Amino acid sequence: MKLLKVSTGGESNKPAIWIDGGLHAREWISPATVTYIMLQLVEFRDLHPELIDSVDWYIMPVANPDGYEYSHSTDRLWRKTRSRATAEQRWGRRACYGVDPNRNWDFHWGEGPASSSNACTDDFRGPRPFSEPETKAMSDFILNRKDQIKIYLTLHSYSQMWLVPWGYKDEKPKDYYDMYILAEKGVEALEAVRGTDYLLGTAAELLYTSSGGSDDWAKGVAGIKYSYTIELPDTGSHGFVLPAHEIEPVGQETWAAIKSITRHFTDARVK
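All the letters of the sequence shown, read from the start, carry residue numbers 1 to 271 under the UniProt record's numbering.
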């Protein structure tokens, strides 16, 4: 697993932003968009120096590398990791592979629907929380920097939604209004680029209730106030197989959104 830190260097107590992509293997637009964001922060950093002078960035473009590779080599619509089920996790005589890494986080793990105990389903939660080396490595890194990281962003696809916790229950956090207002700034900036419509709300109200998600964990365990899932385009015409010509425009509009919410920190308006 590869992680990029973008910083002015040295020890820093600056606020930080975490961005990950590719947690679900088949969502190719996610790593592509995160890579576009990395390009803006590294190659074009002179265009927005305040975003680096005032903020550190931790960016993981492919959070599920084995699954991502498998979706290229074997099964385009593979979703999970590639860990092999133990004997206890086999379904009949069939040995099934992989855990849904967005059901594997240790916050209300295994509760409710859309979090299966069947190892052969796409939403298999795993035998235990953080059973997957990918989710364990990510969570350890984030917890070690939880006082620095002020925004957690995980990019998925598809449906064009900006999702706010909670996902594990149909209720809102006490500071939901603060989270909503900041996300609204991002959605407005995104839509201004080319008019792409995004819905904004909790995962439970816009999609479905599911537990063990990374954004709920970032909010509920790591204590990162502004924790979001961004569901990238489209809304179903192409689904997970978004055409390559959409990579740059999706990157541009997503970058506009991220710049907008980050500038609330550089302008010292959000604490």
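For every residue, glycine included, the Cβ atom is placed at its ideal position computed from N, Cα and C. Every value quoted in this text rests on a predicted model; they were computed, and no experiment measured them.
Beta-carbon proximity list for residue i, same chain, < 6 angstroms, skipping 5 on both sides
i	result
Ile59	Leu4, Ile19, Met38
Ala87	Note on Ala87: pLDDT 47, under 50, position unreliable in the model; the coordinate value appears next. Answer for Ala87: no residue qualifies.
Leu199	Met161, Leu206
Thr266	Glu50, Ser54
Thr35	Pro61
Val221	Phe107
Ala203	Leu163, Gly167
Ser7	Asp56
Nearest to residue i (by Cα), restricted to the options the options
i	options	result
Pro31	Met1, Asp56, Ser7	Met1
Trp77	Ala114, Ile52, Ile29, Gln40	Sequence inspection shows Leu at residue 77; the Trp mentioned does not correspond to that position. If we check each option's Cα against that of Leu77, Ile29 comes out closest.
Gly67	Gly223, Ile52, Trp57, Arg84	Arg84
Gly98	Gly112, Pro113, Asn64	Asn64
Asn104	Gly22, Ile261, Glu134, Ala95	Glu134
Asp216	Ala137, Trp109, Thr235, Ser117	Trp109
Ala244	Gly9, Ala25, Gly21, Thr33	Thr33
Glu248	Leu23, Ile17, Ala16, Gln40	Gln40
Ile224	Tyr176, Arg194, His24	Tyr176
His72	Glu27, Leu47, His48	Glu27
Sequence-distant residues of its chain with Cβ nearer than 7 angstroms to residue i (five each side left out)
i	result
Lys219	Pro165, Pro173, Ser227
Glu231	His156, Ser157, Tyr158, Ser159, Gln160, Met161, Leu163
Leu190	Thr196, Tyr198, Glu253, Thr254, Ala256, Ala257
Arg45	Ile52
Ala183	Trp162, Val164, Leu200, Tyr228
Glu111	Tyr168, Ser211
Asp100	Arg79, Lys80, Asp122, Asp123, Phe124, Arg125
residue 325	Absent from the model: residue 325. The displayed extent of the chain is 1 to 271, so no value can be given.
Chain-order list of residues whose beta-carbon lies under 8 angstroms from that of residue i (same chain, five-residue window excluded)
i	result
Val187	Trp162, Tyr198, Leu200, Ala257
Asn13	Gln148
Pro233	Ile29, Ser157, Tyr158, Gln160, Thr196, Leu242, Glu246, Val250
Thr74	none
Thr235	Tyr158, Ser159, Gln160
Lys259	His48, Leu51, Ala189
Element boundaries [beta strand (DSSP E), containing residue i]
i	result
Gly21	16-21
Lys146	Run containing Lys146: none; DSSP gives neither H nor E here.
Tyr58	56-60
Leu4	4-6
Residues that DSSP places opposite residue i in a beta bridge
i	result
His156	Glu231
Thr202	Val164
Phe124	Ser116
Arg84	Tyr97
Tyr226	Ile151
Endpoints, alpha helix (DSSP H) assigned at residue i
i	result
Trp109	Neither: Trp109 is in no alpha helix (DSSP H) and is coded neither H nor E.
Val42	29-42
Ser210	Segment: none, Ser210 is in no alpha helix (DSSP H) and carries neither H nor E.
Gly251	247-266
Pro65	65-73
Arg103	First-last for Arg103: undefined, no H or E at that position.
Gly186	176-194
Leu51	50-53
Measuring CB atoms only, is the segment 166-174 touching the segment 121-140, in the sense that at least three cross pairs come out at less than 8 angstroms?
no
Indicate whether the contact test is met: 3 or more Cβ pairs, each with one atom in the segment 236-246 and one in the segment 141-153, closer than 8 angstroms.
no
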